[in-house]
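Below is one structure, written out as structure tokens; the observations come after it.
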Amino acid sequence: MAVEHRAAAPSGDQTRIHNIGYRTYDGPRLGRAYARRSLYSQSLRGAYGLGRSVKSKVLPMLLFVVMCVPAAIMVAVAVATKAKDLPLDYTRYAIVMQAVISLYVASQAPQSVSRDLRFKTVPLYFSRPIETADYVRAKYAALASALFILTAAPLAVLYVGALLAKLGFAHQTKEFAQGLVSVALLSLLFAGIGLVIAAVTPRRGFGIAAVIAVLTISYGAVSTLQAIADAQGSTGAIPWIGLFSPITLIDGVQSAFLGATSAYPGGVGPSSGEGVVHVLVTLGVIAAGYGLLMRRYQKVGL
76 MAVEHRAAAP SGDQTRIHNI GYRTYDGPRL GRAYARRSLY SQSLRGAYGL
126 GRSVKSKVLP MLLFVVMCVP AAIMVAVAVA TKAKDLPLDY TRYAIVMQAV
176 ISLYVASQAP QSVSRDLRFK TVPLYFSRPI ETADYVRAKY AALASALFIL
226 TAAPLAVLYV GALLAKLGFA HQTKEFAQGL VSVALLSLLF AGIGLVIAAV
276 TPRRGFGIAA VIAVLTISYG AVSTLQAIAD AQGSTGAIPW IGLFSPITLI
326 DGVQSAFLGA TSAYPGGVGP SSGEGVVHVL VTLGVIAAGY GLLMRRYQKV
376 GL
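Counting the sequence shown from 1 gives a position; our numbering is that position plus 75.
In structure tokens, the structure reads:
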């Protein structure tokens with residue numbers, strides 16, 4: 076005789092309806108512009124460790140202090156000795172402190188983009204409403220702004236100190252403005268190079284090492300070749316060799332058009348025509364950096 080098996084019906088006290096609190100959002104839709112501004116501000120704050128752990132604040136804040144302390148010392152010396160001019164030109168300051176700037180770029184460029192790549196959170200940014208161009212522009216602008224703050228702050232210290240020392244107002248204002256133009260161009264150039272290198276690898280350590288290698292090795296190689304050309308009397312080749320390092324590119328631009336004293340061997344800066352080439356190469360590298368970032372994140376965001 077066949078036996079029919081029937082599933083027992085659940086008793087009434089086993090049935091539950093859970094309200095987990097999901098509700099539709101009926102507030103304002105702030106759109107892409109707000110998302111882009113938010114990403115920019117958070118990335119800029121993160122470049123100095125703001126909103127992050129105390130450990131994350133140590134290195135960027137320390138580098139910021141290291142950038143400003145020599146300027147404060149120069150101001151103190153100028154005021155105490157009643158000097159007629161500052162010990163160092165505004166346009167020369169970033170060139171002298173290039174090692175600190177390179178270390179800052181190497182530490183903060185990977186911090187800005189490598190974690191998003193490592194934890195595969197980039198596609199979440201592009202889900203809605205932000206797009207690839209918004210992400211790239213926000214990250215690029217944030218690091219360039221952080222670099223501008225790092226390099227312009229000591230110039231502001233020098234400028235205020237020069238006014239306190241009662242140096243010529245018109246002369247100091249002109250040189251201060253030239254220094255700001257120089258560090259703004261430097262910030263765009265270094266930010267683009269740092270982000271492109273950091274975006275290649277999700278490993279932050281590899282990104283730091285790669286950025287340091289590119290910035291320091293290129294400068295060392297170019298400086299060595301320029302010194303050899305100067306020793307052999309081939310001074311005409313010195314400005315052209317300077318095209319192959321970021322810091323010497325900036326040096327060539329500012330010595331040609333911003334009244335700066337060249338740091339090239341023998342003090343031989345580029346002529347006006349050679350300076351135009353330096354400007355075009357600098358702008359080309361900045362544009363290429365932006366284009367490479369766009370191409371990289373169009374693939375990552377798929």
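Quick reminder that beta carbons are idealized off the backbone N, C-alpha and C, glycines included.
Because the structure is a prediction, the values reported are computed rather than measured.
- Cα atoms of PRO204 and ARG112: separation of roughly 13 angstroms, rounded to the nearest angstrom.
- Rounded to the nearest whole angstrom, the CA to CA distance from ILE148 to THR291 is 27 angstroms.
- In this structure the segment 322–337 does not touch the segment 221–238; the number of beta carbon pairs closer than 8 angstroms is below three.
- About 19 angstroms separates the CB atoms of SER346 and SER320; that is not less than 8 angstroms, and the two are not in contact.
- For VAL289, the CB contacts under 8 angstroms within the same chain, skipping 5 residues up- and downstream, are ILE268, ILE272 in chain order.
- Taking LYS132 as reference, the option from PHE201, GLN186, ARG279 with the minimal CA-CA separation is GLN186.
- The DSSP assignment places 165–171, 173–193, 197–200 as complete runs of the alpha helix (DSSP H) inside the segment 137–201, in order along the chain (cut-off: 4 residues).
- Look at ILE224 here: in three-state DSSP terms it is helix.
- No Cβ-Cβ contact shorter than 7 angstroms links ALA302 with ALA312.
- Taking a C-beta distance under 7 angstroms as the contact criterion, ALA237 and LEU134 do not qualify as a contact pair.
- Not a single unbroken stretch of the beta strand (DSSP E) spanning 3 or more residues falls wholly within the segment 301–356.
- Inclusion of LEU264 and ILE361 in the CB contact set at 7 angstroms is warranted, their separation being smaller than that value.
- Taking every protein chain shown into account, the CB of HIS353 has 16 or more other CB atoms within 10 angstroms, so this residue is buried.
- GLU250 carries a helical assignment under DSSP once its states are collapsed to helix, strand and coil.
- Under the three-state reduction of DSSP, SER262 is assigned to helix.
- When DSSP states are grouped into helix, strand and coil, LEU125 belongs to the coil group.
- Taking every protein chain shown into account, the CB of GLN307 has fewer than 16 other CB atoms within 10 angstroms, so this residue is exposed.
- The residue from GLN373, LEU358, ALA221, ALA252 with its alpha-carbon nearest to that of LEU125 is ALA221.
- If you draw a 10 Å sphere on the C-beta of ALA296, you find fewer than 16 other C-beta atoms in it, and that means exposed.
- Between ALA338 and ASP326, the alpha-carbon positions lie close to 7 angstroms from each other.
- In this structure, DSSP gives GLY102 a state outside helix and strand, which the three-state scheme calls coil.
- With respect to LEU260, LEU368 sits apart: the two C-beta atoms are not nearer than 7 angstroms.
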